[in-house]
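Engineer: Take this structure first; my questions come after.
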DNA sequence: TTGTTGTATGATGCATTGTTCATATATTAT
DNA sequence: ATAATATATGAACAATGCATCATACAACAA
């Protein structure tokens, strides 16, 4: 994953005495598997780039070919292709070839739901802070 | 933001002739403002780190102090504090001080909703691919 | 075949990001 | 006051990620 995340799994990473060991253990037990968590992180990472987010928002309106996407988001064709590739690899979009052109759609309803919720939260906290 | 994203706003970033200009214009008009999009990206960026995701998942069970979080996610207290800071700054968590200890909770229902949806999608596509 | 158009991809360079280390602040105890 | 505990923060380094460039691939036209 990242910086060889330590995960030394010794419980002494925190020198604090006041910690509730029962709570810690109960919650540790309920965590997702690292495999699943990595996958979820990867999904969010895809959504965390403004350019890709723009692409996804554009695709909410329907199917688009690569070049239309490039025109909409104002990025080079190459850059867009790279982004679409990673979106494909994690099943956020689906592809359909028609002649020379390749059309992309959002893979399922999860994707726009994610963006919608995040947009709500962002709108609500955009004025209140900073 | 990032690499001084070009945004040259000339429409010739894409040399393709077959693009439908009406579609491109209509969709471009419906895009969020850059300000809002940046905020959404930033939210997703916070969710895109496995360590932070672990923290958030832990907090879904309820309020926790910094050191309990550190014990659960197996990270140094410093690292956890840094993560909590960024989560605070974007209103993903709320803080409550009680003596020397500081307790954190998820800020609102949006956060766990986001993770839940992403988890669903990840589960569904985890076996089908790769 | 060759040429042209639409898309994909590897490599490179720069920017961003997370962890660690050292230290600072805050609260309570003695 | 000093000491101890809980958390926060700045700087530095290592690792990752994105845009660009060049080029490759795929489909169609002449």
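Protein chains in written order, with my numbering: chain D, 1 to 130; chain U, 1001 to 1130.
Glycine included, C-beta positions come from ideal geometry on N, C-alpha and C.
Return the residue from the list 61/D, 59/D, 77/D, 60/D that minimises the CA-CA distance to residue 67/D.
Structural biologist: Checked all of 61/D, 59/D, 77/D, 60/D; the closest Cα to residue 67/D is 77/D.
Engineer: Going by DSSP, which residues form a beta bridge with residue 1077/U?
Structural biologist: According to DSSP, residue 1077/U bridges with nothing at all.
Engineer: Reducing DSSP to helix, strand and coil, say where residue 20/D ends up.
Structural biologist: Residue 20/D falls in the coil class under three-state DSSP.
Engineer: By the three-class DSSP mapping on this structure, what secondary structure does residue 84/D have?
Structural biologist: Helix, per DSSP.
Engineer: Between residue 1094/U and chain D, is there a C-beta pair that is closer than 8 Å?
Structural biologist: Taking Cβ atoms only, chain D never reaches closer than 8 Å to residue 1094/U, which makes this a no.
Engineer: Should residue 69/D and residue 55/D be called a contact, given that it needs their Cβ atoms to be closer than 8 Å?
Structural biologist: Taking 8 Å as the Cβ cut-off, residue 69/D and residue 55/D qualify as a contacting pair.
Engineer: Cβ closer than 8 Å: which chain U residues qualify as neighbours of residue 41/D?
Structural biologist: Neighbours of residue 41/D on chain U, chain order: 1047, 1048, 1049, 1050, 1053.
Engineer: Residue 180/D to residue 35/D, Cα distance in whole Å?
Structural biologist: No answer is possible for residue 180/D: it lies beyond the span of chain D, which begins at 1 and ends at 130.
Engineer: Between residue 1092/U and residue 119/D, what straight-line distance do the alpha-carbon atoms span, to the nearest angstrom?
Structural biologist: Going by the C-alpha atoms only, they are around 13 Å apart.
Engineer: Whose Cβ in chain U lies nearer than 8 Å to the Cβ of residue 31/D?
Structural biologist: Going along chain U in sequence order, the residues near residue 31/D (Cβ under 8 Å) are 1054, 1057, 1058, 1072.
Engineer: Use the C-beta contact count for residue 49/D: other C-beta atoms within 10 angstroms, 16 or more gives buried, fewer gives exposed.
Structural biologist: Buried, by the Cβ-count rule.
Engineer: Is the stretch 100-117 of chain D in contact with the stretch 1104-1123 of chain U, if contact means three or more CB pairs nearer than 8 Å?
Structural biologist: Touching, yes, given that three or more Cβ pairs across the two stretches are closer than 8 Å.
Engineer: Of all Cβ atoms in chain D, is any one closer than 8 Å to the Cβ of residue 1106/U?
Structural biologist: Not closer than 8 Å to any Cβ of chain D, the Cβ of residue 1106/U fails to qualify, so no.
Engineer: Can you find a heavy atom of the ligand ZN that lies under 7 Å from the Cβ of residue 74/D?
Structural biologist: As presented, the structure is devoid of all ligands, the ligand ZN included, so that no description of it is given.
Engineer: Please confirm if residue 87/D has its CB atom under 8 Å from at least one CB of chain U.
Structural biologist: No, no contact with chain U.
Engineer: Distance check for residue 47/D and residue 107/D, CA to CA, integer angstroms please.
Structural biologist: Approximately 14 Å between the Cα atoms of the pair.
Engineer: For residue 121/D, decide whether its Cβ has a neighbour in chain U, counting only Cβ atoms nearer than 8 Å.
Structural biologist: Closer than 8 Å: yes.
Engineer: Could you tell me whether the Cβ atoms of residue 122/D and residue 1019/U are closer together than 8 Å?
Structural biologist: Against a cut-off of 8 Å, the Cβ pair of residue 1019/U and residue 122/D comes out as no contact.
Engineer: Let me know if residue 1029/U comes out buried or exposed under the rule of 16 or more other beta-carbons within 10 Å of its beta-carbon.
Structural biologist: Looking at its Cβ environment, which holds fewer than 16 other Cβ atoms inside 10 Å, residue 1029/U is exposed.
Engineer: Buried or exposed, going by whether 16 or more other CB atoms sit within 10 Å of the CB of residue 1097/U?
Structural biologist: Exposed: under 16 other Cβ atoms inside 10 Å.
Engineer: What's the C-alpha gap between residue 73/D and residue 1102/U?
Structural biologist: Looking at the two C-alpha atoms, the distance is approximately 43 Å.
Engineer: Identify the continuous alpha helix (DSSP H) that holds residue 1046/U and give its terminal residues.
Structural biologist: Where residue 1046/U is concerned, the enclosing alpha helix (DSSP H) stretches over 1034-1047.
Engineer: Between residue 20/D and chain U, is any beta-carbon pair separated by less than 8 Å?
Structural biologist: Judged by the 8 Å Cβ criterion, residue 20/D is in contact with chain U.
Engineer: So if DSSP puts residue 1095/U in a beta bridge, which residue, or which two residues, is it bridged to?
Structural biologist: Partner(s): 1104/U.
Engineer: Name, in chain order, the residues that DSSP records as bridge partners for residue 1065/U.
Structural biologist: Partner(s): 1103/U.
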